[in-house]
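Asks: Below are the structure tokens for one structure; questions will follow.
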Amino acid sequence: MGGARQRAYLEAIGITAWVARDRAVEAGEEIGAEPVPDPVAADWPQLQAQVAGCARCELSENRTQTVFGVGDPAADWMIVGEAPGAEEDRQGEPFVGRAGQLLNAILRAVGLRREQVFIANILKCRPPQNRDPKSEEVEQCMPYLQRQVELVRPKLIVALGRVAAQNLLGSSEAIGRMRGRVHVFGAAEIPVIVTYHPAYLLRSPLEKRKVWQDMQMALSVAGQVP
Ligand code: SF4
8 MGGARQRAYL EAIGITAWVA RDRAVEAGEE IGAEPVPDPV AADWPQLQAQ VAGCARCELS
68 ENRTQTVFGV GDPAADWMIV GEAPGAEEDR QGEPFVGRAG QLLNAILRAV GLRREQVFIA
128 NILKCRPPQN RDPKSEEVEQ CMPYLQRQVE LVRPKLIVAL GRVAAQNLLG SSEAIGRMRG
188 RVHVFGAAEI PVIVTYHPAY LLRSPLEKRK VWQDMQMALS VAGQVP
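In terms of the numbering used here, the numbers along the sequence shown are unbroken and rise by one, the last being 233.
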């Protein structure tokens with residue numbers, strides 16, 4: 008069975024894991040060279056292929072597929088969350104399900120469509136039982152996000168939740184203390200705004216007001232009048 012027909016067949020019966028690996032192989036073939044082992048110098052397709060085939064940490068063993076990120080690779084806004092959950096692992100896309108719908112609504116509230124931003128996570132593979140990422144997993148996976156930020160070159164990053172914020176900023180501060188200030192990420196000193204994770208807002212809807220304040224700050228940092 009040829010590649011396209013096999014993919015269509017596998018998709019029809021719902022075997023997305025095989026599809027993802029198949030695409031990874033194709034992406035690797037498209038670049039027509041040895042895989043680049045170091046994300047530092049990778050271009051976008053190389054980076055996608057590296058992530059799709061990554062086995063740098065133990066999370067590669069139980070994933071359905073990697074979750075690279077989604078959206079505009081030249082976006083002004085980058086949204087960074089923690090790690091894929093069960094639905095994200097199944098679909099291969101970050102922030103799907105109820106938390107994703109709430110994120111879409113938050114973005115709409117500030118005049119942005121999901122397709123206009125780039126959404127990624129600190130980790131590209133799902134931790135079992137949605138446990139917090141281990142430090143060695145973050146260490147292995149962060150170069151991918153760092154390279155994504157370098158290639159997207161956003162005007163700002165919005166960090167969603169404690170785990171994303173602490174790992175992006177190398178901080179152990181509580182999220183409540185990180186909010187309300189503009190931080191910076193990386194050598195390019197991309198501004199970072201910290202706010203609550205949509206999954207937390209689903210449990211604590213009264214905190215939505217604070218997220219609104221954070222998004223007003225983000226609009227102002229991005230040079231978009233709130
Ligand atoms: S979590 Fe990151 S480092 Fe670990 S296997 Fe997945 S892509 Fe690789």
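For every residue, glycine included, the Cβ atom is placed at its ideal position computed from N, Cα and C.
For ligand 1, is there any heavy atom lying closer than 7 Å to the beta carbon of GLN155?
Replies: Position 148 of the sequence shown, counting from 1, holds the residue named residue 155. GLN155: no, Cβ never under 7 Å from ligand 1.
Asks: So the alpha helix (DSSP H) VAL58 belongs to, where does it begin and stop?
Replies: Residue mapping note: residue 58 aligns to position 51 of the sequence shown, counting from 1. Per DSSP, VAL58 belongs to the alpha helix (DSSP H) from 51-59.
Asks: Nearest to VAL235 by CA position, among LEU208, TYR207, ARG133 and GLY168, is which residue?
Replies: Past the edges of the chain, shown from 8 to 233, lies residue 235, and the structure says nothing about it.
Asks: Looking at ligand 1, does it come within less than 7 Å of TYR151, judged from the CB to the closest heavy atom?
Replies: As a working note, residue 151 is residue 144 in the sequence shown. Answer for TYR151: yes, Cβ within range of ligand 1.
Asks: Give a yes or no on whether the C-beta atoms belonging to SER179 and MET185 are separated by under 8 Å.
Replies: Against the sequence shown, residue 179 aligns to sequence position 172. Against the sequence shown, residue 185 aligns to sequence position 178. Taking 8 Å as the Cβ cut-off, SER179 and MET185 do not qualify as a contacting pair.
Asks: Quick one: residues in its chain with C-beta nearer than 8 Å to the C-beta of LEU158, no 5 flanking neighbours on either side, listed in chain order?
Replies: Here residue 158 corresponds to residue number 151 of the sequence shown, with the count starting at 1. Closer than 8 Å at the Cβ level, and outside the excluded window around LEU158, lie ASP50, TRP51, LEU54 and PRO80.
Asks: Tell me the residue span of the beta strand (DSSP E) that contains GLY88.
Replies: In the sequence shown, counting from the first residue as 1, residue 88 sits at position 81. Residues 84-88.
Asks: Whether or not the segment 143-157 and the segment 100-116 are in contact is what I'm after, with contact meaning three or more pairs of Cβ atoms, one per stretch, closer than 8 Å; do they touch?
Replies: no
Asks: Taking a contact to mean a Cβ-Cβ separation below 8 Å, would you say ARG133 touches GLU89 in this structure?
Replies: Mapped onto the sequence shown, residue 133 falls at position 126. Mapped onto the sequence shown, residue 89 falls at position 82. No. Outside cutoff.
Asks: Roughly how far, in whole angstroms, is the beta-carbon of VAL117 from the beta-carbon of MET222, given that I think they are within contact range, below 8 Å?
Replies: One-based indexing of the sequence shown puts residue 117 at position 110. One-based indexing of the sequence shown puts residue 222 at position 215. Correct: roughly 5 Å between the Cβ atoms.
Asks: Which same chain residues, not among the five before or five after LEU4, have their C-beta less than 6 Å away from its C-beta?
Replies: Residue 4 is absent from the structure shown; the chain starts at 8 and stops at 233.
Asks: Where in the segment 129-195 do unbroken runs of the alpha helix (DSSP H), each at least 4 residues long, occur, reported from the N-terminal end onward?
Replies: 142-159, 169-176 and 182-185
Asks: Find out if the Cβ-Cβ distance for the pair MET85, ALA112 is shorter than 8 Å.
Replies: Here residue 85 refers to the residue found at position 78 when the sequence shown is read from its first residue. Here residue 112 refers to the residue found at position 105 when the sequence shown is read from its first residue. Not in contact: MET85 and ALA112 (Cβ atoms no closer than 8 Å).
Asks: When the Cα of ARG97 is compared with those of GLN72, ALA181 and VAL77, which residue comes out closest?
Replies: Translated into positions along the sequence shown, residue 97 becomes position 90. That would be GLN72, whose Cα lies nearest to the Cα of ARG97.
Asks: Does ligand 1 have even one heavy atom less than 7 Å from the beta-carbon of LYS141?
Replies: Here residue 141 refers to the residue found at position 134 of the sequence shown. Answer for LYS141: no, Cβ out of range of ligand 1.
Asks: From the DSSP output, which residues share a beta bridge with PRO198?
Replies: Translated into positions along the sequence shown, residue 198 becomes position 191. VAL191, per the DSSP bridge assignment.
Asks: May I ask whether a heavy atom of ligand 1 can be found less than 7 Å away from the beta carbon of VAL87?
Replies: Reading the sequence shown from its first residue, position 80 is the one you call residue 87. No, since every heavy atom of ligand 1 falls outside the 7 Å radius drawn around the Cβ of VAL87.
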